[in-house]
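Residue numbers for the sequence shown follow the numbering used here, beginning at 28 and rising by one.
Don't be surprised by glycine CBs; every beta carbon is placed ideally from N, CA and C.
These notes are about the structure you will find just below.
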Amino acid sequence: MLHRFVDTDIDRVPRDLASRSETLSNDWTFDRHQHRKAQLLYSKRGILCCETANTVWLVPPGCALWIPGQLAHSARGAGLVECHCLYIEPGAATGLPKTCCTISISPLIRELILRAAELPACYPLGGREDRLVMTLLDELSDAPISEMNLPMPREARLRRLAEMLIADPSAKTSFRNWASSLGMSERTLSRLLVQEIGMSFGRWRHQLHVILALQRMASGESVKTVALELGYENASSFVNMFRKTLGKPPVRYLTEHRTIAMSRRPL
């Protein structure tokens, strides 16, 4: 199923915030596009994959992606997805991110997003709706951010491999079987991956798991829950992988990252 954004209408809305909600099923794609307003893409259900240039940003349920205005991007997903798109006027608030990044969504921000998604296109100025929007923008300005993303290969077979892994990150298919399904040897697959994305299959897959894990834990999910959803037998094996990838266990990394992210925010 192919969907196309019509963003000229969004850019013409004379308010600091405009919204659009989507419920999508089966395979879907939003073509590459851009808009003057910045966009907050929040996933209520399902994993969204948003691509900018040769980089993919993964947005699990309860997480959000910030896309600056005028940045060309596309989005895709598989299965049932519910998402809210908030389009924000440039300069509407100080402290909002200048680059593409994931934003940690607190319970307060989540409720503000859901409420803002219900606002009419031209909500009344100077009233409660306007105050709600200003509160949401203030909270987003202070929310911890992350710039972790996933490099994507250009070669058609490797793209297919990457998309299958993103669609099912808990899959336990062996490297040999992945290579066979793509019609190549393990040696050829290893060589192409290093050429295209600069890392091995194992490292790429670990980075995928780390990104998904950090986003979900930032939204309040436990290490054990995340580990099991990503296909690990127990929390310990997941923590070991995480430590080898980033040099420290997930809870410590997330705590330190939040502190650093907050310190980078302008006063």
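Proximal residues to residue i (C-beta, below 6 Å), its chain only, five neighbours per side dropped
i, result
"residue 103", "56 and 76"
"residue 294", "Model confidence at residue 294 stands at a pLDDT of 39, short of 50, so the residue's coordinates are unreliable; what they give is reported in the following sentence. Cβ within range, chain order: n/a, list empty."
"residue 156", "146 and 150"
Of the residues the options, the one placed nearest residue i, counting alpha carbons only
i, options, result
"residue 79", "126, 169, 152 and 232", "126"
"residue 52", "254, 63 and 72", "72"
"residue 61", "101, 256 and 195", "101"
"residue 164", "187, 146, 230 and 136", "136"
"residue 107", "143, 88, 158 and 93", "88"
"residue 203", "43, 217, 50 and 281", "217"
"residue 41", "92, 119 and 259", "119"
"residue 134", "124, 166 and 128", "166"
"residue 191", "235, 59, 279 and 214", "235"
Residue i (DSSP reduced to helix, strand or coil)
i, result
"residue 178", "strand"
"residue 92", "strand"
"residue 143", "helix"
"residue 59", "strand"
"residue 280", "helix"
"residue 43", "coil"
"residue 75", "strand"
Cβ neighbour criterion (16 or more within 10 Å) applied to residue i
i, result
"residue 199", "exposed"
"residue 154", "exposed"
"residue 138", "exposed"
"residue 222", "exposed"
"residue 243", "buried"
Nearest-angstrom Cβ-Cβ length linking residue i and residue j, presumed shorter than 8 Å
i, j, result
"residue 64", "residue 115", "6 Å"
"residue 68", "residue 86", "6 Å"
"residue 46", "residue 110", "The pair is not a contact, with the Cβ atoms about 11 Å apart (cut-off 8 Å)."
"residue 173", "residue 241", "6 Å"
8 Å CB neighbourhood of residue i in its chain, flanking five on each side removed
i, result
"residue 233", "268, 271 and 272"
"residue 179", "78, 81, 82, 83, 186, 189 and 224"
"residue 37", "45, 47, 62, 64 and 114"
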